[in-house]
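One structure is given below, encoded as structure tokens.
Residue numbers (the numbering used here): 24 to 639.
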């Protein structure tokens with residue numbers, strides 16, 4: 024063993040075989056020799072209390088990018104949540120001001136059941152009629168709940184804003200970890216970045232539909248929908264750039280209003296409908312609701328039911344928000360997974376009840392789908408309620424939709440921040456910065472706002488093109504949800520170290536069901552509603568192009584260039600490596616030189632060099 028000294032006589036280890044971390048593995052592998060040249064550690068010594076507070080990664084209930092024999096270095100005040108995040112390789116940068124309730128409120132606001140069901144009524148009702156809304160919703164929700172539970176288990180073991188992307192990198196075989204993280208990250212980002220514009224597009228259409236109700240001579244123009252959508256995007260970006268405490272309070276209020284509006288509209292639909300004045304029974308016959316299919320596609324009834332799942336999948340695609348907010352949540356490895364399961368379970372049950380209410384009261388499916396306002400939900404309300412009552416219910420839906428759009432903007436900004444922190448996006452250093460005043464990723468918010476506004480330009484390509492924005496969100500999100508669950512189920516096995524919230528012996532079965540459902544649904548969601556000679560550009564399902572083309576470009580980019588520098592999650596916290604053959608040494612985190620300056624100057628140091636020591 025060779026040692027080198029500096030002018031102050033401090034000995035430092037050099038030329039020793041050390042432990043090499045691979046961010047995509049769950050184990051440590053021997054590394055090449057470290058460079059002979061070492062640098063002196065700078066700064067003050069750690070106190071005895073700080074040394075006693077250090078925990079090895081294997082002492083935390085996490086599955087980490089760090090090896091089990093590595094100790095993250097945390098100096099100063101830190102709590103249990105900081106310890107868990109440090110064990111995952113990250114230094115906490117956010118204030119933990121989200122509780123279980125406020126985290127649930129954000130994700131429930133992102134679901135926005137009332138505006139979501141209103142926005143996707145064209146698909147849920149239009150493909151198969153009321154059967155797609157009732158038992159179709161139940162079938163889809165059974166599998167979606169499996170995905171949510173699988174995701175919650177991963178969240179408990181890896182409560183970081185990188186979420187599914189981080190999980191894919193850590194769980195995949197070492198050779199394929201970066202590629203798995205890359206695909207998961209890009210698919211999830213596409214789903215997240217199109218969520219707010221799809222919500223705000225529907226919100227703008229509902230606002231203009233309300234205007235057409237009060238002014239029958241008014242007909243909304245495409246450019247008006249576009250401009251109003253862009254305005255809503257900007258307003259949401261401004262709110263999402265505010266300090267975390269304000270954002271949390273805003274979403275708590277918005278989510279509470281969302282729930283209240285949902286209850287009010289639900290009760291009004293059932294209690295104040297005017298079906299009897301039209302010579303109809305109070306409710307539609309159950310045999311018709313559950314068994315009479317609407318011929319909305321050229322495919323068999325079974326396929327039409329499956330196609331209607333897009334309404335459920337898109338509506339329920341926001342339950343991953345607690346995962347991305349876990350770095351801002353207290354008691355994250357328990358509260359965040361609970362919030363995921365609560366969002367999916369409660370949201371699925373309430374959403375089904377709302378669909379049942381609509382299915383049992385709708386008068387004319389054709390008239391609702393083909394209304395001149397372009398908003399089936401507004402047309403439906405006018406079928407079963409008086410004009411003023413319908414307008415009041417539509418107004419409640421609009422306000423709830425505004426809260427939903429803001430929740431989508433917040434969640435997407437955290438995804439962009441976490442991926443940029445690891446260099447996944449172009450110009451990542453700009454999007455990964457945290458505003459020093461608000462302590463929020465403001466740059467990431469405005470990047471998403473810009474990309475969302477650009478995506479809304481699909482409006483000018485026709486209804487079929489803008490409709491693809493919903494399918495992008497559905498496919499992009501659920502592909503990203505399922506990749507790490509599939510890897511954990513079929514490749515990791517017992518190497519996975521579950522967190523305090525886990526599925527136990529049911530983990531494998533739930534993983535199989537989740538993966539099977541997603542693989543089966545991807546081609547279904549890309550099917551057009553018409554076939555043969557009727558299929559043209561206007562009737563084409565543009566999902567395969569709008570989601571597939573960016574994903575193809577991302578894959579090509581990875582194999583041509585990104586594989587040379589993208590190695591998955593970057594550890595941004597200094598950490599000590601314990602080896603049986605040598606004294607403990609420290610590896611600096613990415614961009615965290617100051618942390619090393621706080622270590623004990625008598626500890627041997629191996630300098631950080633990405634090619635030889637730390638592949639992060």
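For glycine and all other residues, C-beta sits at the position ideal for the given N, C-alpha and C. Computed from a predicted model, the values in this text were never measured in an experiment.
Environment of residue i [buried if 16+ CB atoms lie within 10 Å]
{"i": "residue 393", "result": "exposed"}
{"i": "residue 52", "result": "Residue placement at residue 52 is poorly supported in this model, since its pLDDT is 34, which falls under 50; the coordinates still yield a value, given next. So residue 52 ends up on the exposed side."}
{"i": "residue 176", "result": "buried"}
{"i": "residue 450", "result": "exposed"}
{"i": "residue 314", "result": "exposed"}
{"i": "residue 575", "result": "exposed"}
{"i": "residue 302", "result": "exposed"}
{"i": "residue 138", "result": "buried"}
{"i": "residue 339", "result": "buried"}
{"i": "residue 274", "result": "buried"}
{"i": "residue 548", "result": "buried"}
{"i": "residue 452", "result": "exposed"}
{"i": "residue 155", "result": "buried"}
{"i": "residue 429", "result": "buried"}
{"i": "residue 410", "result": "exposed"}
{"i": "residue 540", "result": "buried"}
{"i": "residue 459", "result": "exposed"}
{"i": "residue 444", "result": "buried"}
{"i": "residue 286", "result": "exposed"}
{"i": "residue 124", "result": "exposed"}
{"i": "residue 570", "result": "buried"}
{"i": "residue 437", "result": "buried"}
{"i": "residue 296", "result": "buried"}
{"i": "residue 341", "result": "buried"}
{"i": "residue 518", "result": "exposed"}
{"i": "residue 534", "result": "buried"}
{"i": "residue 441", "result": "buried"}
Proximity winner among the options, relative to residue i (alpha-carbon distances)
{"i": "residue 515", "options": "185, 150, 197", "result": "197"}
{"i": "residue 368", "options": "466, 172, 133", "result": "172"}
{"i": "residue 294", "options": "270, 384, 548", "result": "384"}
{"i": "residue 587", "options": "137, 562, 201", "result": "201"}
{"i": "residue 110", "options": "155, 179, 406", "result": "179"}
{"i": "residue 489", "options": "507, 543, 568, 461", "result": "568"}
{"i": "residue 366", "options": "228, 278, 467, 312", "result": "278"}
{"i": "residue 482", "options": "207, 227, 213", "result": "227"}
{"i": "residue 375", "options": "593, 406, 161, 553", "result": "161"}
{"i": "residue 158", "options": "311, 439, 119, 415", "result": "311"}
{"i": "residue 282", "options": "135, 439, 486", "result": "135"}
{"i": "residue 307", "options": "357, 264, 407", "result": "407"}
{"i": "residue 263", "options": "414, 582, 356, 427", "result": "427"}
Any C-beta of chain B under 9 Å from that of residue i
{"i": "residue 139", "result": "This model lacks chain B altogether; it includes just one protein chain."}
Distance CB(residue i)-CB(residue j) smaller than 9 Å
{"i": "residue 585", "j": "residue 332", "result": "no"}
{"i": "residue 267", "j": "residue 127", "result": "no"}
{"i": "residue 589", "j": "residue 371", "result": "no"}
{"i": "residue 232", "j": "residue 398", "result": "yes"}
{"i": "residue 395", "j": "residue 225", "result": "no"}
{"i": "residue 492", "j": "residue 221", "result": "yes"}
{"i": "residue 654", "j": "residue 289", "result": "Look at the range of the chain in this structure, 24 to 639, and you will see that residue 654 is not part of it."}
{"i": "residue 229", "j": "residue 420", "result": "yes"}
{"i": "residue 133", "j": "residue 344", "result": "yes"}
{"i": "residue 170", "j": "residue 505", "result": "yes"}
{"i": "residue 553", "j": "residue 378", "result": "no"}
{"i": "residue 512", "j": "residue 470", "result": "no"}
{"i": "residue 199", "j": "residue 327", "result": "no"}
{"i": "residue 18", "j": "residue 468", "result": "The structure shown does not extend to residue 18, since the chain is modelled only from 24 through 639, so no value can be given for it."}
{"i": "residue 7", "j": "residue 153", "result": "Residue 7 cannot be examined here, being either before or after the span of the chain that is shown, 24 to 639."}
{"i": "residue 107", "j": "residue 355", "result": "yes"}
{"i": "residue 223", "j": "residue 183", "result": "no"}
{"i": "residue 186", "j": "residue 322", "result": "no"}
{"i": "residue 404", "j": "residue 390", "result": "no"}
heavy atom of the ligand HEM below 8 Å from residue i C-beta
{"i": "residue 182", "result": "In terms of ligand content, the structure shown is empty, and the ligand HEM therefore cannot be addressed."}
Is it the case that the region 214 to 225 contacts the region 186 to 195, given that we only count it when at least three CB pairs across the two stretches are under 8 Å? no
Please give me, in chain order, every unbroken run of the alpha helix (DSSP H) with length at least 4 that falls completely inside the region 192 to 225. 200 to 216
If we count Cβ pairs, one from each stretch, closer than 8 Å, do we get three or more for the region 526 to 537 versus the region 491 to 498? no
Residue ranges of each alpha helix (DSSP H) within the region 441 to 512, 4 or longer: 451 to 454, 465 to 478, 486 to 510
Quick one: complete alpha helix (DSSP H) runs, 4+ long, within the region 94 to 181? 103 to 110, 123 to 134, 136 to 142, 144 to 149, 153 to 156, 158 to 180
Given 8 Å, three or more beta-carbon pairs between the region 543 to 563 and the region 234 to 247: no
Three-pair Cβ contact test at 8 Å for the region 551 to 564 versus the region 463 to 475: Three or more beta-carbon pairs separated by less than 8 Å are not found between the region 551 to 564 and the region 463 to 475, which leaves the two stretches without contact.
Measuring CB atoms only, is the region 398 to 407 touching the region 144 to 155, in the sense that at least three cross pairs come out at less than 8 Å? yes
Counting only runs of 4+ residues fully inside the region 229 to 310, write out the alpha helix (DSSP H) ranges in chain order. Scanning the region 229 to 310 for uninterrupted alpha helix (DSSP H) segments of 4 residues or longer gives 245 to 263, 267 to 294, listed from N- to C-terminal end.
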